[in-house]
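The sequence shown begins at 210 in this note's numbering and counts up by one.
Reading through the structure tokens given below for one structure.
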Amino acid sequence: MERPFVFINVAMTADGKIDTFERRGAAISSPRDKERVDRLRASADAIMVGGKTLIGEDPKLTVKSEVLRAERVARGLAPNPIKVGIVTEANLKADSKFLNTGPAEIVIFTTRRTSKEHLALLEARHVIVYFSEAEKVDLQAALATLRELGINRLMVEGGGTLNFELMRLGLVDEVTAYVAPMIFGGASAPTLAAGSGLERSAAIPLKLIEIETWDDGGVLLKYHFMR
Ligand SMILES: NC(=O)c1ccc[n+]([C@@H]2O[C@H](COP(=O)([O-])OP(=O)(O)OC[C@H]3O[C@@H](n4cnc5c(N)ncnc54)[C@H](OP(=O)(O)O)[C@@H]3O)[C@@H](O)[C@H]2O)c1
210 MERPFVFINV AMTADGKIDT FERRGAAISS PRDKERVDRL RASADAIMVG
260 GKTLIGEDPK LTVKSEVLRA ERVARGLAPN PIKVGIVTEA NLKADSKFLN
310 TGPAEIVIFT TRRTSKEHLA LLEARHVIVY FSEAEKVDLQ AALATLRELG
360 INRLMVEGGG TLNFELMRLG LVDEVTAYVA PMIFGGASAP TLAAGSGLER
410 SAAIPLKLIE IETWDDGGVL LKYHFMR
């Protein structure tokens, strides 16, 4: 199957949490990390998020730096990468930041559980919608479709359920984690990779390819997935 190069980026605490137990999108990145993430976004053709992050956190998913947007335009690209949502029920609000912050093309992969009213809203906003007939979105098919749309570099910005599902299916090439010097704790707080988990014998092996220690007390880790 042809698919884009897929890289996950997360900000996590030293105990691997990507949010607190409250799940309100807690700030974890340092100012320097936010700049790094913006550069990473600017390097991507599309940015993908999972349904809980999309509906709960309502991310803008745009490139913040005007300079980086201008550089993309100079390279013949759109100012922002395409925004991609993987969501069982695409019940987005008309005033959501995800839909309204741009300009950016938007692609939603969903299921038949999305209501007609919400589909009408997405259509009115020129969102490209693809349906999976299964209970959840077919991620393999979604990546193949994105490749057909011309997307070569896909950035995934969580959450943990989507990250794990992509990893479990062998659809990820690289993961970068900014590890902030703090602990959130909490058994129910989301982690880098959630879902149902794997037995030890099925653990996904990684190759550490980069490590940086930063003055803000954070550590940047980059891993490749071994095939
Ligand atoms: N620190 C960071 O870098 C960072 C980045 C992003 C998010 N977050 C945090 O992560 C948390 C959300 O993560 P999450 O694990 O709860 O959810 P998520 O990964 O954002 O979304 C997962 C949801 O997507 C839908 N989905 C549909 N098809 C799917 C498929 N094939 N595979 C996986 N998901 C599919 C499902 O919705 P249904 O349940 O409706 O079926 C699923 O529950 C939030 O607290 C957010 O703040 C942190």
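All C-beta atoms in this analysis are idealised placements derived from N, C-alpha and C, irrespective of residue type, glycine included.
Among the options, which has the Cα closest to the Cα of residue i?
{"i": "residue 433", "options": "216, 402, 334, 257", "result": "216"}
{"i": "residue 274", "options": "239, 234, 249, 430", "result": "249"}
{"i": "residue 210", "options": "430, 391, 406, 350", "result": "350"}
{"i": "residue 416", "options": "407, 409, 382", "result": "382"}
{"i": "residue 387", "options": "296, 431, 295", "result": "431"}
{"i": "residue 342", "options": "322, 316, 270", "result": "322"}
{"i": "residue 287", "options": "311, 304, 428, 328", "result": "311"}
{"i": "residue 203", "options": "428, 436, 392, 257", "result": "Absent from the model: residue 203. The displayed extent of the chain is 210 to 436, so no value can be given."}
{"i": "residue 391", "options": "233, 246, 238, 365", "result": "238"}
{"i": "residue 252", "options": "280, 243, 235", "result": "280"}
{"i": "residue 373", "options": "429, 333, 258, 331", "result": "258"}
{"i": "residue 377", "options": "407, 354, 389", "result": "407"}
{"i": "residue 234", "options": "299, 266, 421, 371", "result": "266"}
Look up residue i in the DSSP assignment and say whether it is helix, strand or coil.
{"i": "residue 417", "result": "strand"}
{"i": "residue 250", "result": "helix"}
{"i": "residue 327", "result": "helix"}
{"i": "residue 229", "result": "coil"}
{"i": "residue 374", "result": "helix"}
{"i": "residue 410", "result": "helix"}
{"i": "residue 383", "result": "strand"}
{"i": "residue 283", "result": "helix"}
{"i": "residue 393", "result": "coil"}
{"i": "residue 309", "result": "helix"}
{"i": "residue 259", "result": "strand"}
{"i": "residue 388", "result": "strand"}
{"i": "residue 320", "result": "strand"}
Looking at residue j and residue i, is the spacing between their C-beta atoms short of 9 Å?
{"i": "residue 219", "j": "residue 367", "result": "yes"}
{"i": "residue 263", "j": "residue 301", "result": "yes"}
{"i": "residue 404", "j": "residue 369", "result": "yes"}
{"i": "residue 291", "j": "residue 401", "result": "no"}
{"i": "residue 213", "j": "residue 363", "result": "yes"}
{"i": "residue 358", "j": "residue 336", "result": "no"}
{"i": "residue 315", "j": "residue 260", "result": "no"}
{"i": "residue 254", "j": "residue 360", "result": "yes"}
Within the present structure, is the beta-carbon of residue i separated from the nearest heavy atom of ligand 1 by less than 8 Å?
{"i": "residue 221", "result": "yes"}
{"i": "residue 247", "result": "no"}
{"i": "residue 290", "result": "no"}
{"i": "residue 325", "result": "no"}
{"i": "residue 371", "result": "yes"}
{"i": "residue 399", "result": "yes"}
{"i": "residue 350", "result": "no"}
{"i": "residue 320", "result": "yes"}
Run the proximity test for residue i: is its beta-carbon closer than 8 Å to any non-hydrogen atom belonging to ligand 3?
{"i": "residue 347", "result": "Ligands displayed in this structure: ligand 1; ligand 3 is not among them."}
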